[in-house]
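Below is one structure, written out as structure tokens, with a few remarks after it.
Numbering (the working numbering), first residue to last: 410 to 549.
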């Protein structure tokens, strides 16, 4: 029998359970700032705040979800993953916003600021996520 050795799985995620209303977006942005600051990744704060704002705003505006969970996880030393859960089974989709439209660009912003984004179907709804990578030294 081979002995089992513990394996480090990374840092604990930062999570908030929030009511689905526009006032919660600021708390989600604060959560991103707190998480990336604690992990020594402040370069990701601005983009992370925009990403979580757009993901949570989509939940508020396009689902009947009452409460949502926002999670900021550090899955690798150089990557932060932002998750926003909702009770809708409708997949997120990029809208074709006209030049004068006041909305419809959120997922395009998420796609432009993140290295990957997507969603995972769940029995109770879905989790929409985006990953942000630390800039390399050549990008700074």
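All C-beta atoms in this analysis are idealised placements derived from N, C-alpha and C, irrespective of residue type, glycine included. Note that this is a predicted model, so its numbers are computed, not measured.
DSSP has residue i in a bridge; who is on the other side?
i	result
residue 485	488
residue 425	479
residue 504	Answer by DSSP bridge pairing: none, since residue 504 is not bridged.
residue 365	Nothing can be reported for residue 365, as the shown portion of the chain is limited to 410 through 549.
residue 534	531
At what residues does the beta strand (DSSP E) containing residue i begin and finish?
i	result
residue 457	Counting along the chain, residue 457 falls outside any beta strand (DSSP E), though it belongs to the alpha helix (DSSP H) covering 454-471.
residue 525	525-531
residue 496	Run containing residue 496: none; DSSP gives neither H nor E here.
If you compare alpha carbons, which of the options is closest to residue i?
i	options	result
residue 467	531, 450, 503 and 541	503
residue 448	517, 532, 482 and 530	482
residue 460	544, 433, 529 and 517	517
residue 445	484, 429 and 465	484
residue 432	451, 476, 424 and 452	476
residue 529	429, 501 and 430	501
residue 434	545, 465 and 451	465
residue 543	451, 532 and 458	451
Rounded to the nearest angstrom, how far is the Cβ of residue i from that of residue j, given a contact under 8 Å?
i	j	result
residue 456	residue 541	6 Å
residue 538	residue 527	6 Å
residue 421	residue 479	Going by Cβ atoms, the distance from residue 421 to residue 479 rounds to 15 Å, so no, they are not a contact pair.
residue 534	residue 463	Residue 534 to residue 463, Cβ: 18 Å. No contact.
residue 437	residue 453	That belief does not hold up - the Cβ atoms of residue 437 and residue 453 are roughly 15 Å apart, past 8 Å.
Residue range of the alpha helix (DSSP H) that residue i falls in?
i	result
residue 449	Residue 449 -> no alpha helix (DSSP H), and no H or E assigned at all.
Sufficient close CB pairs (3 or more, under 8 Å) joining the stretch 430-447 to the stretch 476-490 = The count of Cβ pairs closer than 8 Å, one atom from the stretch 430-447 and one from the stretch 476-490, reaches three, so the stretches are in contact.
message = Pairs of beta-carbons, one from the stretch 496-503 and one from the stretch 463-479, closer than 8 Å: are there three or more?
response = Using a C-beta cut-off of 8 Å, the stretch 496-503 makes contact with the stretch 463-479, since at least three inter-stretch Cβ pairs fall below that distance.
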